[in-house]
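Remarks on the structure that follows.
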Amino acid sequence: MAAPTDQRIAVPIDDPNADTEWNDILRKHGIIPEKPPSPTPLIEEAILAARQLAHDNRLEGKDLSDLSDLEDDEDETFLEQYRQKRMAEIAALQSNAIHGSVYPITKPEYARAVTEASQAAPVLVNLTAAQGSNVESRVLSQLWRQAAAEYGEVKFCEMRADKAIEGYPERNCPTILVYDKGDIVKQVVTLATVGGVRMGMLDLEKILVEVGAVKADDMRVLKRRRAAEEEADEKVAAGGKGIKSSRDVRRGGGDDDDDDWD
Numbered sequence: 004m005a006a007p008t009d010q011r012i013a014v015p016i017d018d019p020n021a022d023t024e025w026n027d028i029l030r031k032h033g034i035i036p037e038k039p040p041s042p043t044p045l046i047e048e049a050i051l052a053a054r055q056l057a058h059d060n061r062l063e064g065k066d067l068s069d070l071s072d073l074e075d076d077e078d079e080t081f082l083e084q085y086r087q088k089r090m091a092e093i094a095a096l097q098s099n100a101i102h103g104s105v106y107p108i109t110k111p112e113y114a115r116a117v118t119e120a121s122q123a124a125p126v127l128v129n130l131t132a133a134q135g136s137n138v139e140s141r142v143l144s145q146l147w148r149q150a151a152a153e154y155g156e157v158k159f160c161e162m163r164a165d166k167a168i169e170g171y172p173e174r175n176c177p178t179i180l181v182y183d184k185g186d187i188v189k190q191v192v193t194l195a196t197v198g199g200v201r202m203g204m205l206d207l208e209k210i211l212v213e214v215g216a217v218k219a220d221d222m223r224v225l226k227r228r229r230a231a232e233e234e235a236d237e238k239v240a241a242g243g244k245g246i247k248s249s250r251d252v253r254r255g256g257g258d259d260d261d262d263d264w265d
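Converting from the sequence shown to the working numbering requires adding 3 to each position, the first position being numbered 1.
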């Protein structure tokens with residue numbers, strides 16, 4: 004007895020995803036699966052949503068003087084709403100600015116000034132080098148003073164490392180310690196991972212945001228970030244000073260050369 008033969012007819016399919024009448028017939032009878040929806044509308048929708056979000060947030064990071072410069076370009080009602088929002092933010096910052104400068108501390112004060120104080124809010128400590136020849140330590144001390152003045156609601160402390168920890172290696176300076184709720188939540192040993200001698204305020208602000216000392220949408224953070232990006236874009240458009248200079252601008256380190264610290 005002869006073996007049964009397969010009676011199915013082979014259906015030629017050139018491209019199952021092609022929009023052809025033949026493929027429509029095959030899909031109708033379940034021979035090939037339905038064509039997946041085109042991603043184009045979804046992509047276009049995402050692009051439009053991103054553009055709308057960028058438009059809605061176009062004033063983020065701008066201060067009151069910036070808003071005044073836009074009076075001829077923006078809707079008056081919309082601009083006034085943002086102006087009121089900025090004034091409320093500034094008032095809140097001023098009311099919370101209970102520090103405003105760097106606290107030099109000693110070992111007997113450490114528990115009270117740092118560990119206990121961190122129960123209320125994060126406290127940042129800069130363990131500095133004993134030798135003035137440590138360039139990174141000098142860079143961070145300068146940034147520490149600038150940050151303390153700009154972020155008056157955050158407590159910045161400073162202490163010589165060898166006074167805090169006996170025998171602490173000079174090569175590990177500066178060291179950043181961040182306390183929160185009585186514990187060390189972040190430690191940065193030297194500036195190697197945060198820009199080295201070219202560390203800038205943008206790098207320090209990343210730490211502040213990471214540990215929750217400052218919000219990511221803080222207008223001071225947004226303003227500096229936007230200014231750095233605009234300056235970097237201008238340099239690229241004009242031929243600039245090269246990739247390294249653009250990177251330095253994004254760090255917020257300015258155009259100072261290493262020689263300034265020699």
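Ideal Cβ positions, reconstructed from N, Cα and C, are used throughout, including at glycine. Since we're looking at a predicted model, the values are computed, not measured.
- With respect to residue 205, residue 231 sits close: the two C-beta atoms are nearer than 8 Å.
- Look at the stretch 156 to 213 and you find these whole runs of beta strand (DSSP E), each 3 residues long or longer: 158 to 163, 178 to 183, 186 to 192.
- Distance between residue 131 and residue 162, taken at the CA atoms: about 6 Å.
- Between the alpha carbons of residue 202 and residue 138 lies a distance of about 11 Å.
- Taking C-beta separations shorter than 6 Å and ignoring five residues to either side along the sequence, the partners of residue 173 in its chain run 132, following chain order.
- Residue pairing from DSSP places residue 128 in a beta bridge opposite 160, 180.
- In the three-state reduction of the DSSP assignment, residue 107 falls in the strand class.
- Per DSSP, the continuous alpha helix (DSSP H) segment holding residue 149 begins and ends at 138 to 153.
- Secondary structure at residue 217: coil, using DSSP grouped into helix, strand and coil.
- Shortest Cα-Cα distance from residue 122 to any of 158, 108, 197, 153 involves 158.
- In its chain, beyond the 5 residues on either side, 35 have a beta carbon closer than 6 Å to the beta carbon of residue 29.
- Shown here, residue 122 sits in a helix according to DSSP, grouped into three states.
- Going by DSSP, residue 238 is part of the alpha helix (DSSP H) stretching over 222 to 240.
- A direct Cα-to-Cα measurement between residue 43 and residue 26 gives close to 21 Å.
- For residue 124 and residue 217, the gap between their C-alpha atoms comes out near 10 Å.
- For residue 147, the CB contacts under 7 Å within the same chain, skipping 5 residues up- and downstream, are 105, 129, 159, 161 in chain order.
- About 6 Å separates the CB atoms of residue 151 and residue 103; that is less than 8 Å, so the two are in contact.
- One Cα belongs to residue 219, the other to residue 153, and the distance between them is close to 15 Å.
- In the three-state reduction of the DSSP assignment, residue 38 falls in the coil class.
- Around the Cβ of residue 198, a 10 Å sphere holds 16 or more other Cβ atoms; the residue is buried.
- Rounded to the nearest whole angstrom, the CA to CA distance from residue 109 to residue 171 is 15 Å.
- Take the alpha-carbon of residue 156 and the one of residue 126: they are about 10 Å apart.
- Contact annotation: residue 213 and residue 189 have beta-carbon atoms nearer than 8 Å.
- Of the other Cβ atoms in all chains shown, fewer than 16 fall within 10 Å of the Cβ of residue 119; this residue is therefore exposed.
- Here DSSP, grouped into helix, strand and coil, assigns residue 23 to coil.
- In its chain, beyond the 5 residues on either side, no residue has a beta carbon closer than 6 Å to the beta carbon of residue 168.
- Residue 114 sits in a helix when the DSSP states are folded into three classes.
- When rounded, the separation of the alpha-carbon atoms in residue 101 and residue 241 is 43 Å.
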